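Following: one structure in structure tokens, then a few remarks.
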Amino acid sequence: MQPPRAIIRRSGESWALQSALERHGLGPVAGVDEAGRGACAGPLAVAACILRPNDAKRFEGLTDSKLLSPEERERLAAIVLRRAVDHCVVLVDPAEVDRRGVHAANIDGMRRAVARLGVRPGYVLTDGFPVTGFGVPSLAVPKGDLAAACVAAASILAKTTRDRLMTELHERRPEYRFDLHKGYCTPTHSAELAEHGPSPDHRYSFVNVAGAARLAAGRAADSSTGSVGHNEEDDDDLTDTMSDEVDVFGDSEDVEDAADAEAEGGEGS
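So for the sequence shown, the numbering used here puts the first residue at 194; every next one is plus one.
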């Protein structure tokens, strides 16, 4: 005997998958997503969220955080915080991202976010790629922040949390304009990075940050000795950092994140 086949009702839209799992006794369903994977500065924010079944009417406009304006994200984040069964946001600092790599740090952050939920989920939905180690069944959902409401809610919590942290970081390091680009590799960020060199809040495993660090060190050495550097030497230094072990963005979605940062408010998101 096989269990009855789950039927996903089209009318449920982004709530359909969660509803089907709940009907078959596999709830509560947690969605997991991250923000800041493609940024070269600031923390990686990973969120897990459990929404109430049949609560769709409370979440008009809920979708992928990258498709929302900052005002809409904040509005929906407030509803998520008020209505969610449970939620958790984990921050992975730049040093850990450098030490472990973006993908490994992201996966570990997802596991930590789910483990720290006060309500144990019966099922976990992740955005795009499979993740094990949750202690419960999980499913990778293509474009999960569009297809599953709980994943969209997690993406909004991760994004709004990280954006606020990057705005606060701007107050401490205004020269980098983190309030505009939120640490993504936009032209403004690249220009400030070239002028000031990287800060402790940058991810030195990213090729542009590693290159800027070496150029800054070269300028400091030239200044102390009174010598003038040659362009050929600077080009060699930058080329040396471009190995397979250094991250630029990671994958196509990270490039989209940087493009989104450019598009919103000139450069900020």
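C-beta: ideal position from N, C-alpha, C; glycine also.
Just so it is clear, the structure is predicted and the values come from calculations on it, not from any experiment.
Would residue i be called buried (16 or more neighbouring beta carbons within 10 Å of its own) or exposed?
{"i": "Val225", "result": "buried"}
{"i": "Asp429", "result": "Because the pLDDT at Asp429 is just 39, under 50, the model does not fix this residue reliably, and the value given afterwards should be weighed accordingly. The residue in question, Asp429, is exposed, as its Cβ has fewer than 16 Cβ neighbours within 10 Å."}
{"i": "His423", "result": "Confidence in His423 is poor, its pLDDT being 40 and thus under 50, which makes the residue's placement too unreliable to answer from."}
{"i": "Thr325", "result": "exposed"}
{"i": "Arg292", "result": "exposed"}
{"i": "Arg396", "result": "buried"}
Determine the closest residue to residue i out of the options, with distance taken between C-alpha atoms.
{"i": "Phe327", "options": "Arg357, Trp208, Arg292, Val222", "result": "Val222"}
{"i": "Arg230", "options": "Phe399, Leu362, Leu269, Ala346", "result": "Phe399"}
{"i": "Gly220", "options": "Phe252, Pro391, Pro330, Glu206", "result": "Pro330"}
{"i": "Ser181", "options": "Gly404, Glu361, His296, Ala228", "result": "Outside the displayed span of the chain (194 to 462) sits residue 181, for which this structure offers no information."}
With residue i as the anchor, note down where its alpha helix (DSSP H) starts and where it stops.
{"i": "His395", "result": "Neither: His395 is in no alpha helix (DSSP H) and is coded neither H nor E."}
{"i": "Glu227", "result": "From DSSP, Glu227 is part of no alpha helix (DSSP H) but of the beta strand (DSSP E) over 222-228."}
{"i": "Leu358", "result": "342-365"}
{"i": "Leu255", "result": "Careful: Leu255 lies outside any alpha helix (DSSP H) and carries neither H nor E."}
{"i": "Glu206", "result": "Per DSSP, Glu206 belongs to no alpha helix (DSSP H) and is neither H nor E."}
Do the CB positions of residue i and residue j come within less than 8 angstroms of each other?
{"i": "Pro236", "j": "Arg357", "result": "no"}
{"i": "His374", "j": "His382", "result": "yes"}
{"i": "Cys281", "j": "Ala342", "result": "no"}
{"i": "Val283", "j": "Arg266", "result": "no"}
{"i": "Val334", "j": "Thr319", "result": "yes"}
{"i": "Asp279", "j": "Asp338", "result": "no"}
{"i": "Arg245", "j": "Arg276", "result": "yes"}
Under DSSP, the beta strand (DSSP E) around residue i begins and ends at which residues?
{"i": "Leu332", "result": "331-334"}
{"i": "Thr319", "result": "316-320"}
{"i": "Asp279", "result": "279-285"}
{"i": "Leu237", "result": "237-243"}
Assuming residue i contacts residue j (C-beta within less than 8 angstroms), just tell me the rounded distance between them.
{"i": "Cys242", "j": "Val273", "result": "6 angstroms"}
{"i": "Leu269", "j": "Leu255", "result": "6 angstroms"}
{"i": "Gly302", "j": "Val285", "result": "5 angstroms"}
{"i": "Leu386", "j": "Ala413", "result": "Not a contact, Cβ separation roughly 15 angstroms."}
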